[in-house]
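Visitor: Read left to right, the sequence shown gives residues -14 to 492 (the numbering used here).
Note that the Cβ used here is the ideal one computed from N, Cα and C, for glycine as well.
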Amino acid sequence: MKNIDDLIELIMGDPKLRESKTLGEKVYRDEPILKRASQLVRDIVPPKDDTHAQLMEMRRMVYSPEAQWRSREWLFGKQGKFMEDFEDSFDKNVPFEHYFPIYNDMTLEQQRTYFTWRTRIRKGEFCETSLSYIFVYIYELINLIGVKNAREGYDSLKNLLEHYSESQPKLKRFVSAWLDDMVIYYGLDTSLLEKSGMIEYDKALAILLDMDKHSDEEVFSALCLTSSYNAGKSAFYKVYPEDFCTVSVRSYKSFSEYYGSHRKKTLFEKHFGKCTVSVHQMFNSAVFCHYRSSPKNSVVIDDIRRFFYRGGEWYTEGYAGKLHSNKEIGMFLRAVDSLMRSKYKEKARLQNVDITKQLSKIITEQIDILLEEKKRAEAMRVDIDLTKLGSIRRAADITRDKLIVDEEDLEEDICPQPDMQEDVHEEIVRENTTPLDSGEYAFMQALLYGGDYQSAAKNAGSMPSVMADSINEKLYDIFADTVIEFDGDTPAVIEDYEEELKGMILP
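1) Span of the beta strand (DSSP E) holding F317?
2) Between the C-alpha atoms of T211 and V284, what's the straight-line distance to the nearest angstrom?
3) Going by the DSSP bridge assignment, what does V284 pair with across the sheet?
4) Going by the beta-carbon positions, is the gap between L164 and L142 smaller than 8 Å?
5) Of all the alpha helix (DSSP H) runs that stay within the bounds of the region 97 to 171, which reach a length of 4 or more residues?
6) How is the beta strand (DSSP E) around T475 delimited, first residue to last?
7) Would you tell me roughly how many angstroms separate the C-alpha atoms of Y170 and R290, rounded to the nearest one?
8) What does the alpha-carbon distance come out to for the pair T231 and F253?
9) Classify E179 as helix, strand or coil using the three-state DSSP reduction.
10) With C-beta atoms as the reference, is S161 less than 8 Å away from G138?
11) Whether or not the region 256 to 264 and the region 303 to 310 are in contact is what I'm after, with contact meaning three or more pairs of Cβ atoms, one per stretch, closer than 8 Å; do they touch?
12) Could you compute how far the alpha carbon of D228 sits from the alpha carbon of D195?
13) Under 6 Å Cβ to Cβ from V338, same chain only, skipping five residues before and after it: list those, please.
14) Any idea what DSSP makes of D472, helix, strand or coil?
15) Kindly indicate the opening and closing residues of the beta strand (DSSP E) around G446.
16) By a C-beta neighbour count over all protein chains shown, 10 Å radius and 16 as the cutoff for buried, is D288 buried or exposed?
17) Beta-carbon within less than 8 Å of R248's beta-carbon, same chain only, minus the 5 sequence neighbours each way: which residues are those?
18) For Y329, does the count of other Cβ atoms within 10 angstroms reach 16, so buried, or fall short, so exposed?
19) DSSP three-state call for E302: helix, strand or coil?
20) Assuming D73 contacts R97 under a Cβ cut-off of 8 Å, what Cβ separation, rounded to an integer in Å, is found between them?
21) Please tell me whether A442 and M429 are closer than 8 Å, where the distance is taken between their beta carbons.
22) Return helix, strand or coil for E16, following the three-state DSSP convention.
23) Count the other C-beta atoms from every protein chain shown that fall within 10 angstroms of the C-beta of T114, then say buried if there are 16 or more, exposed otherwise.
24) How would you label M43, buried or exposed, when you count the other beta carbons within 10 angstroms and need 16 or more for buried?
25) Does DSSP put T261 in a helix, in a strand, or in coil?
26) DSSP state of S279, grouped into three classes?
27) Select from Y149, K188, N134, T251 the residue whose C-alpha is nearest the C-alpha of M167.
28) Put D404 into one of helix, strand or coil per three-state DSSP.
29) Can you tell me which of the three DSSP states S270 falls into?
30) Within 10 angstroms of its Cβ, does M365 collect 16 or more other Cβ (buried), or is it exposed?
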């Protein structure tokens, strides 16, 4: 080609091109290389007859000179305040999916779908919709768009979470943190944080910092709240909850004392570190207009945590961590679970946990101590069989009747001779009022007062073991337990019942 003129002549000489409707109908005019924003808006956002003028104006804000250098957050806040009272009644429901969504990420139909859904939400109609639409509305609330004040925004956000938490489970993780941030950032009443995960975590740490001032149940609950291992779901815990709690708390306290005496730092510091200051990103992962000023510069949350604003940044002073996240506490509770299952001879066992020999020793010792305590308590336990009360009453009635002396007898012998008084006393004292026969009575006298029980059994024509079995059976209705036990071949009265038996069986 010699020049551009030859190329144009060649193209125009082609009959196919000359007959082309595209070439023949299109009119080419001079166009400016750079266009004004208003010209771009007309090209990109053609007007719609059925589209509200306010919505079209919002779309044009994207092309304003200021929007060209401002952030997405600024643009969202600008458009949001402009549209905060806008209502729509679009008859379509166009889905929308976008990370960190703002109005500018939506098509015109998606914008109309969103504002129609928002109109219904504000009237109390919580319809199912795309998660991205819900996040846009959440961003409006945390930026106080469409609400009178921060408390109304907080209540609206909490209400939104309650209605969509089941259908949209992803919301809870983000919204729960943003609700806490609203309280801190806007200076709301800190009592709103009472049920937040942050406050629960701090309360658990406060208990573990000073365990001696709290009950075993409180300490165990604090361990479970911080632990990555869910002891509450353990099959062993469900059967032995009190035992699990006792061993866990005693072991943790014992190990805490041991660790503190052998290390330069405490066990609490090992698990949770020291109280530190760190940057806190308000409304992290949200589209939030940080250019607005916060009404509070410092907020005290509880005894071990506070937030403060300095040099353009928010900071938190407290302990790092969150609920159910501490792996070392988790390993400790899992070790308690594993070792207790072995000691209690449970069929379902857990794999051995990688803990120190000293901690394993402490846990094992505490399990043994508890089992010994339970064994002693069981030995001392007295079970009352209510079905035996009738026979006990009958035996008492017989004893009462035998001790009663008729008034007539007393009148006949008001002043007996001294030797006669002695004989009457001796007869009353030595009378057998027990269910035992004379041979068994003599056998018990020998056991209680150091006599020859072998001779007593022989005189009754029996053996000590047979006599003991018969006596235990006859006295069971009174004591609900055996009263004679054997140390090898030697019978002996159980110490707990000795005094009561001596009241029944005289020397």
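Guide: The structure says:
1) To locate residue 317, count along the sequence shown from 1; it is residue 332. Per DSSP, F317 belongs to no beta strand (DSSP E); it is in the alpha helix (DSSP H), 312 to 328.
2) Walking along the sequence shown from the start, residue 211 turns up at place 226. Walking along the sequence shown from the start, residue 284 turns up at place 299. Taking the straight line joining both Cα atoms gives about 24 Å.
3) By 1-based counting over the sequence shown, the position of residue 284 is 299. Paired residues: F292.
4) Within the sequence shown, residue 164 is the residue found at index 179, counting from 1. Within the sequence shown, residue 142 is the residue found at index 157, counting from 1. Yes. Within cutoff.
5) Look at the region 97 to 171 and you find these whole runs of alpha helix (DSSP H), each 4 residues long or longer: 116 to 127, 135 to 149, 155 to 170.
6) In the sequence shown, the residue the question calls residue 475 occupies position 490. Here the beta strand (DSSP E) through T475 covers 475 to 478.
7) Walking along the sequence shown from the start, residue 170 turns up at place 185. Walking along the sequence shown from the start, residue 290 turns up at place 305. Y170 and R290: Cα-Cα distance of roughly 15 Å.
8) The residue you call residue 231 lines up with position 246 of the sequence shown. The residue you call residue 253 lines up with position 268 of the sequence shown. Spanning the two alpha carbons is a distance of roughly 19 Å.
9) Taking the first residue of the sequence shown as 1, we reach residue 179 at position 194. Three-state result, E179: coil.
10) Taking the first residue of the sequence shown as position 1, residue 161 is located at position 176. Taking the first residue of the sequence shown as position 1, residue 138 is located at position 153. Taking 8 Å as the Cβ cut-off, S161 and G138 do not qualify as a contacting pair.
11) Yes: at least three Cβ pairs fall under 8 Å.
12) Within the sequence shown, the letter at position 243 stands for residue 228. Within the sequence shown, the letter at position 210 stands for residue 195. Spanning the two alpha carbons is a distance of roughly 22 Å.
13) Taking the first residue of the sequence shown as 1, we reach residue 338 at position 353. Its chain contains M316, R319, A320, S323 as the residues whose beta carbon lies nearer than 6 Å to that of V338, once the 5 sequence neighbours on both sides are disregarded; these appear in chain order.
14) Within the sequence shown, numbered from 1, the residue matching residue 472 stands at position 487. Three-state DSSP puts D472 in a strand.
15) Locating residue 446 in the sequence shown gives position 461, where the first residue counts as 1. Here G446 belongs to no beta strand (DSSP E), and DSSP marks it neither H nor E.
16) Here residue 288 refers to the residue found at position 303 when the sequence shown is read from its first residue. Exposed, by the Cβ-count rule.
17) Residue numbering aside, residue 248 sits at position 263 when the sequence shown is read from its first letter. If we look at R248 and ignore the five residues flanking it on each side, its Cβ neighbours are K255.
18) The sequence position of residue 329 within the sequence shown is 344, counting from 1. Using a 10 angstroms sphere on the CB of Y329, the tally of other CB atoms stays under 16, which defines it as exposed.
19) If you number the sequence shown from 1, residue 302 lands on position 317. Of the three classes helix, strand and coil, the one that applies to E302 here is strand, per DSSP.
20) As a working note, residue 73 is residue 88 in the sequence shown. As a working note, residue 97 is residue 112 in the sequence shown. Correct: roughly 5 Å between the Cβ atoms.
21) Stepping through the sequence shown from its first residue, residue 442 is reached at position 457. Stepping through the sequence shown from its first residue, residue 429 is reached at position 444. The answer is no: Cβ separation not under 8 Å.
22) Sequence index remark: in the sequence shown, residue 16 carries index 31 (1-based). At E16 the pLDDT is 45, less than 50, meaning the model places this residue with poor confidence and gives no usable figure here.
23) If you number the sequence shown from 1, residue 114 lands on position 129. Looking at its Cβ environment, which holds 16 or more other Cβ atoms inside 10 Å, T114 is buried.
24) Stepping through the sequence shown from its first residue, residue 43 is reached at position 58. The residue in question, M43, is buried, as its Cβ has 16 or more Cβ neighbours within 10 Å.
25) Counting from one through the sequence shown, the residue named residue 261 turns up at place 276. Here T261 sits in strand by DSSP.
26) Stepping through the sequence shown from its first residue, residue 279 is reached at position 294. DSSP places S279 in coil when its eight states are reduced to three.
27) Residue numbering aside, residue 167 sits at position 182 when the sequence shown is read from its first letter. Measuring from the Cα of M167, the nearest candidate turns out to be N134.
28) As a working mapping, residue 404 is identified with position 419 in the sequence shown. Caution applies to D404, whose pLDDT of 48 falls short of 50 and renders its modelled position unreliable; the model cannot decide the point.
29) Sequence index remark: in the sequence shown, residue 270 carries index 285 (1-based). Correct three-state label for S270: coil.
30) As a first step, residue 365 is located in the sequence shown; it is residue number 380 there, counting from the start. By the neighbour-count criterion, in which 16 or more other beta carbons inside 10 Å mark a residue as buried, M365 falls on the exposed side.
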